[in-house]
Ligand code: CDP
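Residue numbers (this note's numbering): -4 to 240.
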């Protein structure tokens, strides 16, 4: 019987690192899987959605978006003034998102940002700028990145690609619990509407729409707990690292 932990220790010590690309529908727990996997493997974790959310927050603050209507040319014009970084916070042991030097990690998760992000993420020039940053972050492998176009556009050569989904009612309930636990007052119906609307915009936009890469594995986690899904993904990682997939 193989001891999975010792195998992981071995992988951490070797130089053999892979790239893991995780795409999928809104609020299906991609970042939960990605963070847990990165921690297990000693890899970097990048939340590409946080980058689109940070651009959206900037646009909201400067009134360049309102109810999903974007002042596209004006936003493209100020793109070079938007600096997005991730910094590790040792006290929370989490990587946090910074917009022009300000920690915006909590603010970008609010429902108001979710309600404006998909039209902004559909703008090709915004995507080009983000994708360039993302490719740079992953150039040495040893990275887990989640989003909508990671396996198709950002890292088309990733050794492991996952396409994650779950039933929309389950996704809405998970996001409702997450925001409510943070003290935000939200309605379950608004969240369900938002995730279905984001899925629609993300999947039908012209610029790198959300779609499953041909070589991605589907993970429907509707009936899985976090431990079960991490075990499932770790089995796939092991197969890649051992070269027998
Ligand atoms: O966590 P959640 O599923 O709510 O979304 P997210 O990963 O934070 O992404 C927020 C939004 O950013 C998505 O609905 C997409 O519109 C956009 N996005 C994208 O277009 N491409 C990515 N690689 C990541 C996010």
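C-beta atoms are modelled at their ideal positions from N, C-alpha and C, and glycine is treated no differently.
It should be emphasised that the depicted structure is a prediction, and the values quoted were computed from it without experimental measurement.
| Item | Value |
| --- | --- |
| Beta-carbon separation (whole angstroms), residue 162 vs residue 217, contact threshold 8 Å | 5 Å |
| C-alpha distance - residue 321 paired with residue 72, whole-angstrom precision | Residue coverage of the chain in this structure runs from -4 to 240, which leaves residue 321 outside it and unanswerable. |
| Bounding residues of the alpha helix (DSSP H) (the contiguous stretch that carries residue 130) | 119 to 132 |
| Beta carbon of residue 160 nearer than 7 Å to that of residue 19 | yes |
| For residue 231, the first and last residue of its enclosing alpha helix (DSSP H) | 221 to 237 |
| For residue 191, the three-state DSSP class (helix, strand or coil) | helix |
| Boundaries (first-last residue) of the beta strand (DSSP E) holding residue 156 | 155 to 160 |
| Contact belief for residue 112 with residue 200 at Cβ below 8 Å, rounded distance in angstroms | That pair is no contact at about 12 Å. |
| Alpha carbon of residue 58 to alpha carbon of residue 110, nearest angstrom | 14 Å |
| Opening and closing residue of the alpha helix (DSSP H) in which residue 168 lies | 163 to 176 |
| Terminal residues of the alpha helix (DSSP H) in which residue 71 lies | 67 to 72 |
| Cutoff 8 Å; reference residue 167; Cβ partners in own chain excluding five residues on either side | 22, 183, 186, 187, 190 |
| Own chain, CB closer than 6 Å to residue 207, minus 5 neighbours either side, in chain order | 158 |
| Per-residue DSSP class, three states only, for residue 185 | helix |
| Three-pair Cβ contact test at 8 Å for the region 90 to 97 versus the region 38 to 55 | yes |
| Opposing strand residues paired with residue 83 [DSSP bridges] | 90 |
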